[in-house]
Amino acid sequence: MSSTEPRFLADYRPADFTINTVNLSIELADTSTKVINELELVKQGDHQQALVLNGEHLTLISLVLNDQPLHAELYQLNDTLLTIPASSLPEGDSFTLIITTEINPLENTALEGLFKSGDAFCTQCEAEGFRRISYYLDRPDVMATFTTKVTADKTLYPFLLSNGNKIDSGDLPGNQHFVTWYDPFPKPCYLFALVAGNFDLLEDKFTTMSGREVALEIFVDKGNLAKAEHAMVSLQKSMAWDEQTFGLEYDLDIYMIVAVDFFNMGAMENKGLNVFNSKFVLADSQCATDSDYFNIEAVIAHEYFHNWTGNRVTCRDWFQLSLKEGLTVFRDQQFSGDMHSSAVTRIQNVRVLRSLQFAEDAGPMAHPIRPEKVLEMNNFYTLTVYEKGAEVIRMLHTLIGVENFRKGMDFYFARFDGMAVTCDDFINAMSDASGKDLTQFKLWYSQYGTPVIKVAQAFDAATGIYTLTLSQQSPVTKKQENPQALHIPIKIELINKDFDTNASVNTSNLNQTKLLELTQDTQTWSFSGFSQQPTLAMLADFSAPVKLDFSQDETALLTVMKNAENSFCRWDAGQKLLMSYIQHLTFDADYVISPALIDAINSMLMGGEDRAFIAEQISLPSFDEAAGLMIDIEPLALFDAISTLSLFIAQGAQQQLLATYQACQQVGEEDCVANRALKNVCLSYLSRLPEYQYLVAEQYQQAANNNDITQENMTDTLAALTCSAKVNLPDLSEQLQHFENKWHDTTLVMDKWFAIGASIVSDDIFTQLNDLLKHPQFTLKNPNRARSIISAFAMNNPKYFHCKTGKGYQFLAQQIAKMNEINPQVASRLVTPLIQYKSFATAHQQLMKAELITLHALPNLSNDLKEKLDAALID
Ligand code: B3K
Ligand code: ZN
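Numbering-wise (this note's numbering), the sequence shown opens with residue 1 and increments by one.
Given below as C-alpha cells:
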C-alpha cells in the first residue's frame with residue numbers, strides 16, 4: 001500500500017501547510033467506524049503547492065472545504081495520498097476542511113491505526129498509523145490541538161477515552177453514549193489515542209511538586225484489578241523521580257494507562273493516555289517473575305518520561321527518533337539504577353547492547369542512531385536508535401558531568417518546549433550549558449558500526465612511567481568508506497595491587513581512575529609514580545559503546561576481578577575470562593580448562609558482593625553475547641562450548657553452588673529478588689549433574705504446586721521449568737502439563753508456557769513446535785503469543801534453530817511468511833536472526849540465505865520485510 005520509495009534525511013523540507021486545530025468525531029463500530037475530521041489549516045509561506053494528505057486503508061465518504069462540498073473532479077485520490085491541488089483551494093491562507101471517512105477496525109490485524117484488542121477498541125499511531133484513521137499531514141512537525149468526541153454502545157463500551165481532559169459526555173438514542181476530550185497541548189498526530197472498552201479501573205493520585213493534584217487511572221481487563229498495583233506504584237515513583245532529578249512536573253490533570261493484550265510492542269506514550277501491552281502492566285507474585293516486575297517499572301517510567309522528552313519537545317522528522325528514544329531510554333536506565341542496584345542495572349543494559357545491538361550494528365540493516373534513509377519507519381525502532389542512542393546520551397553525561405547535563409536539559413526545555421526539533425538542537429543545548437565543544441561528538445549521530453579500540457601499554461621501570469596508547473577504528477564498508485575519529489570517553493582504572501602478593505605497585509597506594517577523551521585515531525597518555533606496572537581496567541562503567549581489542553592474561557583478569565574499584569570492571573573481567581574458555585572450546589572441544597577457573601568461581605560465590613551482582617558474575621555469557629565476539633561462527637560448536645564450560649563449572653564448584661543455593665533459600669523477604677537471582681543461577685548449573693536434578697523437581701513443587709499458595713512464586717517456577725527444558729529432564733512433560741492446567745486462563749502466563757515449550761533442547765523439538773502451533777490457544781494474530789513460540793525458539797533454542805539440516809531456519813521463515821499477511825511489523829522483527837546470516841560459517845550462511853530468498857519471492861511482500869530482505873540480499 002505505502003510508497004515503495006525510500007525517504008532521505010537530506011530531503012527534509014518544512015510542511016507547506018500546518019494544522020492548528022483538529023476536531024474529531026469518531027463513531028465506533030466493529031467493521032464500519034465513521035470518522036469526521038474537521039481541520040483548520042494554514043498555508044505556510046507564499047506558494048502554490050497542493051495540499052497533500054496521507055491516508056491508507058480509508059474509505060472516503062466526503063470532503064467539505066470552507067463549508068462547500070468538494071467534488072471528486074477537484075481532488076485526486078490514490079492508495080496512500082489525497083491531493084487537493086492549489087487551484088481547488090480557497091483564496092487566503094487559512095481554511096477549514098472536513099473529511100469524512102470510514103474504516104474497518106475488526107479487519108485491522110496489522111494493529112496500526114484503530115483496531116480491536118479483544119473486545120476493546122484501541123489505537124496505535126506512532127510512527128505513521130494516524131493515516132489509517134483519517135487523511136492527515138502525518139508528520140511529527142505538524143502540531144495541532146485535538147478535540148475528540150467518541151461515540152459507542154454504552155453497554156459494550158462504558159469507557160470512552162482519548163487524550164487530554166474530559167470536557168463533555170452524555171447519552172444518545174439507541175443505547176449509544178459519547179465522551180468529548182480536549183487536549184490543550186499541541187501535538188503531532190502520532191501521539192493521538194483513543195480507547196473504548198469495558199475495564200476494571202484502578203484509581204489513585206499524585207500531588208506534583210507545585211501542589212497540583214493529578215488523577216492516575218489504570219484500566220485493565222475485568223478481574224485484573226489487583227495486578228495493576230505494581231504499575232501504579234511504579235508510575236508514582238517515576239513522577240517523583242522526574243521532579244527530583246530533572247525538575248520536570250506532569251502537566252495535565254489526569255494520566256491514564258490502558259493495558260491491552262494485542263499490541264505490537266511494549267507501550268506507547270500518547271499524551272495523557274498511554275496504551276500498554278498488558279505484559280508491561282499486570283503483575284502479582286504468583287504469575288509474574290522478578291524481571292517482569294523490573295520491566296514493568298522500567299516501561300511505565302519510560303512512557304511517563306516521554307511526556308517531556310518526546311511529547312512536550314518532539315521530533316522534527318522521524319530520522320530524529322533517537323532525540324526522544326535514546327534520551328528517554330537513558331532516563332529510564334538512570335531511574336532503574338536509582339531504584340535498584342545501579343551496578344546490576346548497568347550490567348544488564350550492557351548485556352543487551354553487546355548481544356543484540358552490536359549484532360545489529362554489524363548486520364545488513366546497520367544504521368547510525370540518526371538514520372539517513374528509511375523505507376518503512378517502523379523498521380527503525382531499533383536497538384541502535386534506542387540502546388546505542390542511550391549510550392550516546394550517557395557518553396555526553398560522562399563528558400560534561402551531571403551538573404552540566406542537568407543545566408543542558410533545562411536549556412533544552414526552555415528553548416524548545418512545544419516544538420519539534422532535531423538531535424543537533426539537543427546537543428547544542430548541552431554544548432551551550434557546559435561550554436564544551438561537541439562538534440566532533442556529533443559524529444556519533446551520523447556514523448554507524450561499533451568502533452574497535454585497540455589498547456597498547458608500556459612501562460618504564462626506571463622512571464615509573466606507565467604509558468597507554470589507544471587507537472580507534474570504526475567499520476569501513478561501502479556504506480561508510482571513510483569513517484572519522486569519534487569523540488570517545490574512556491574511563492580507566494589503574495590498579496596498583498598485585499593479584500598474588502597484594503603488594504602496592506603505586507607510591508600513592510590508591511587505584512587511579514581517569515577519564516580519557518579519545519578524539520584522534522591514535523592517542524597516548526602517560527601516568528607516573530608506579531613502582532611496577534599497574535594492571536589496567538578498561539572502560540569503567542562501560543563508558544562507551546565500543547569493542548576492545550585488548551588481550552589480558554589470566555593473572556591480569558583475576559587482578560581486575562579482585563581489585564578494581566569499579567564494579568563493572570570487576571564483572572567484565574570475569575566475563576572475559578569465561579569468554580576466553582568459550583572461544584578455546586569452540587575451536588577445540590578437547591581444550592583443557594584450567595582448574596584456576598573453579599577457584600575463581602568459588603571465590604565469586606563466597607565473595608562479599610551483593611547476591612544479584614554475584615549472579616551476574618557467575619552467569620556465562622549468553623550464546624548471543626559470545627557470538628557477538630566471534631567471526632564465522634560455528635553455532636553448534638559454540639553451543640557445545642557453552643554447555644561444556646557450564647558442566648565443567650557445575651562439576652568443579654558443585655559444593656559451593658549447592659551451599660549457595662541452600663543459603664539463598666533460607667533468606668526471608670529481605671533482598672528476596674537478589675537471592676532468587678543467585679539461587680536460580682546455581683540451580684541452572686546444578687541441574688546439569690544427575691545427582692542434583694532432584695532440586696529442580698523440588699523447586700518446581702514448592703514454587704508452583706504448594707499447599708500454601710502464598711509461597712508460590714513465578715520466578716522460581718520458571719527457573720525450574722527452564723532447567724527442565726534445557727536439560728530435557730524426565731519431569732518436564734509432567735511439569736508442563738501441570739502448569740498448563742493451572743494457568744490455561746491466564747494469557748500472559750500461557751505465553752511463558754508456550755515459550756518454554758519452544759525452548760526445549762530435544763530432538764523432538766520440531767514435532768513439539770508443530771503441536772504448539774496447533775494448540776487451541778495459539779494464534780498468530782496476537783503478537784505476544786506469536787513471539788512466545790517463534791522468537792522463543794529462534795532466540796532461546798540455538799541448538800535446534802541452527803541445526804545443520806536447516807529445519808530451524810525453515811521453521812522461522814515459514815512463520816514469517818504467514819505473519820507477513822497478518823502483521824507486517826511483527827513479521828519484520830522476527831526476521832532479525834536470519835538477516836544476520838553473514839556472521840555465521842558458510843554452511844549455515846547458505847541455509848539461512850536460501851530462506852531469505854524464498855521470503856523475498858513472497859507475493860504481497862510488505863515494505864517492512866522488503867526493506868530488510870533487500871538489505872540482506874544485496875551482493
Ligand atoms: N514510542 C513507542 C514506540 C512506537 C513504535 C512504533 N512502531 C514506544 C516507546 O518507545 O516508548
Ligand atoms: Zn520510547
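Yeah, the Cβ is synthetic: ideal placement off N, Cα and C, and Gly gets one too.
Residue from the options whose Cα sits closest to the Cα of residue i
| i | options | result |
| --- | --- | --- |
| Ala600 | Ala193, Phe185 and Lys562 | Lys562 |
| Tyr304 | Asp290, Asn277 and Asp332 | Asp332 |
| Leu28 | Asp93, Ala120, Pro14 and Gly92 | Ala120 |
| Phe639 | Phe146, Tyr581, Thr83 and Leu65 | Tyr581 |
| Pro690 | Leu858, Val681 and Gln654 | Gln654 |
| Ala413 | Asn307, Ile347 and Val350 | One detail in the question is off: residue 413 reads as Phe in this sequence, not Ala. It is Asn307 whose Cα lies nearest to the Cα of Phe413. |
| Leu462 | Phe527, Ser531, Gln617 and Gln480 | Note that residue 462 corresponds to Ala in the displayed sequence, not to Leu. It is Ser531. |
| Pro621 | Glu325, Leu510, Thr345 and Met579 | Met579 |
Closer than 8 Å: residue i CB and nearest the ligand B3K heavy atom
| i | result |
| --- | --- |
| Tyr255 | no |
| Tyr694 | no |
| His306 | yes |
| Asn23 | no |
| Glu56 | no |
| Asn264 | yes |
| Met268 | yes |
| Ala127 | yes |
| Glu325 | yes |
| Gln583 | no |
Cβ separation of residue i and residue j, assumed to be a contact under 8 Å, to the nearest whole Å
| i | j | result |
| --- | --- | --- |
| Ile369 | Tyr445 | 6 Å |
| Gln124 | Leu137 | Wrong, their Cβ atoms sit about 19 Å apart, outside the cutoff. |
| Phe550 | Phe568 | Not a contact, Cβ separation roughly 15 Å. |
| Lys491 | Ala540 | 4 Å |
| Ala650 | Leu686 | 6 Å |
| Leu876 | Glu360 | Since the first residue shown for the chain is 1 and the last is 875, residue 876 is missing from the structure and cannot be characterised. |
| Ile816 | Ala827 | 5 Å |
| Ile790 | Leu830 | 6 Å |
| Ala758 | Phe793 | 4 Å |
Interface flag, residue i vs chain C, CB-CB below 9 Å
| i | result |
| --- | --- |
| Phe380 | No chain C appears in this structure, which consists of one protein chain only. |
Residue range of the beta strand (DSSP E) that includes residue i
| i | result |
| --- | --- |
| Gln457 | Val452 to Asp460 |
| His177 | Gln176 to Lys187 |
| Gln472 | Ile465 to Gln473 |
| Tyr123 | In the sequence as displayed, the identity of residue 123 is Thr instead of Tyr. Start and end: Ala120 to Gln124. |
| Pro489 | Ile488 to Ile495 |
| Asp204 | Asp200 to Thr207 |
| Thr147 | Ala144 to Asp153 |
| Asn784 | Here Asn784 belongs to no beta strand (DSSP E); instead the alpha helix (DSSP H) covers Pro783 to Asn796. |
| Ala259 | Ile254 to Val260 |
| Gln512 | Gln512 to Leu518 |
| Phe330 | Premise fails: Phe330 lies in the alpha helix (DSSP H), Leu321 to Met339, not in any beta strand (DSSP E). |
Limits of the unbroken alpha helix (DSSP H) element including residue i
| i | result |
| --- | --- |
| Leu695 | Gln693 to Ala704 |
| Val233 | Glu229 to Phe246 |
| Met579 | Ser567 to Phe587 |
| Met819 | Lys807 to Ile822 |
| Leu111 | Unbroken run through Leu111: none, as it is neither H nor E. |
| Val727 | Met714 to Val727 |
Residue i Cβ short of 8 Å to the ligand ZN heavy atom set
| i | result |
| --- | --- |
| Lys726 | no |
| Val313 | no |
| Gly310 | yes |
| Lys271 | no |
| His744 | no |
| Val329 | yes |
| Glu303 | yes |
| Glu391 | no |
| Tyr386 | yes |
Contact the region 280–297 vs the region 244–253: 3+ CB pairs below 8 Å: The region 280–297 is not in contact with the region 244–253.
The region 845–852 contacting the region 124–133, beta-carbon criterion three pairs below 8 Å: Contact between the region 845–852 and the region 124–133 is absent: fewer than 3 CB-CB pairs across the two stretches fall below 8 Å.
Stretch pair the region 28–47 + the region 91–109: three plus CB contacts closer than 8 Å: Output reads yes: the region 91–109 touches the region 28–47.
Three-pair Cβ contact test at 8 Å for the region 692–701 versus the region 710–729: Counting Cβ pairs under 8 Å, three or more are found: they touch.
Any 3 or more C-beta pairs closer than 8 Å across the region 486–497 and the region 510–520: Yes: the two stretches touch, three or more of their Cβ pairs being nearer than 8 Å.
Inter-stretch contact (C-beta, 8 Å, three-pair minimum) for the region 47–66 and the region 5–14: The region 47–66 makes no contact with the region 5–14; the number of CB pairs closer than 8 Å stays below 3.
contact_flag[the region 145–153, the region 170–187] where n(CB pairs < 8 Å) is 3 or more: Between the region 145–153 and the region 170–187 there are three or more inter-stretch CB-CB distances shorter than 8 Å, so the stretches are counted as touching.
Stretch-stretch touch, CB-based, cutoff 8 Å, three pairs: the region 610–629 with the region 772–779: The region 610–629 and the region 772–779 do not touch, with fewer than 3 CB-CB distances between them shorter than 8 Å.
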